[in-house]
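Scroll down for the structure; my scribbles are underneath it.
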Amino acid sequence: MQKELRNKIFELRNTGMGYKAIAKELSLTPSAVRSVCTAKYNDPDLYGTCKNCGIRVKQTPGKKKRQFCSDKCRMAWWNSHKDDVKRNAFYTFKCPCCNSEFVAYGNSKRIYCSISCFAKTRTKRGNEQ
Ligand SMILES: [Zn+2]
Ligand SMILES: [Zn+2]
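In my numbering, the protein residues as written are 2 to 130.
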């Protein structure tokens, strides 16, 4: 099939038209239209799957893979996976001042468990000098 014709099929498909309607529009058989669409849809470089709703997500070759079909799905997914996301964003540290273990959320650069430990260390250092 000609490239222009195939592109036309995708174009119409993207507007939400069904195989039959596209076939009628372009004087093709519905099965020909379907085979073009499914062949393209099965190419993982061109189409991914929305992590939230499972529909095909068009990819732009050479760009970062899109994981969601829309911002709405992205938000919905993040909202329903808040716990997972949180768990990953927690870091466990051992405070060098009081030796207690603590977790910090979303910040891997923390050193002390609290402001008071931070302050203590500073004064200690000051006294040693
Ligand atoms: Zn989606
Ligand atoms: Zn501490």
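A virtual CB, placed ideally from N, CA and C, is assigned to each residue, including glycine.
Residue i versus residue j - alpha carbon distance
i      : j      : result
Tyr106 : Ser36  : 49 Å
Glu12  : Gly63  : 21 Å
Gly17  : Tyr92  : 45 Å
Lys4   : Tyr48  : 18 Å
Lys52  : Thr124 : 51 Å
Leu27  : Arg14  : 12 Å
Ile112 : Arg57  : 44 Å
Met76  : Tyr20  : 31 Å
Lys110 : Thr61  : 35 Å
Cys114 : Asp84  : 23 Å
Glu102 : Ile116 : 15 Å
Leu1   : Lys41  : Here the chain comprises residues numbered 2 to 130, so residue 1 is not present and cannot be evaluated.
Cys118 : Cys99  : 7 Å
Trp79  : Ser32  : 38 Å
Lys73  : Thr122 : 47 Å
Beta bridge counterpart(s) of residue i as assigned by DSSP
i     : result
Phe94 : Phe103
Lys59 : Tyr48
C-beta atoms of residue i and residue j nearer than 8 Å
i     : j     : result
Thr30 : Ala22 : no
Cys54 : Ile10 : no
Candidates the options, of which the one nearest residue i by Cα
i      : options               : result
Asn43  : Lys59, Asn8, Cys96    : Lys59
Gln68  : Ile116, Thr50, Ala120 : Thr50
Ala120 : Val104, Glu102, Pro97 : Pro97
Pro45  : Lys66, Cys70, Phe94   : Lys66
ask   = Around ligand 2, what residues have a beta-carbon under 7 Å from a heavy atom of it, in chain order?
value = Cys96, Cys98, Cys99, Ser101, Tyr113, Cys114, Ser115, Cys118
ask   = Can you pull every residue whose C-beta falls closer than 5 Å to some heavy atom of ligand 1, listed in chain order?
value = Cys51, Asn53, Cys54, Cys70, Cys74
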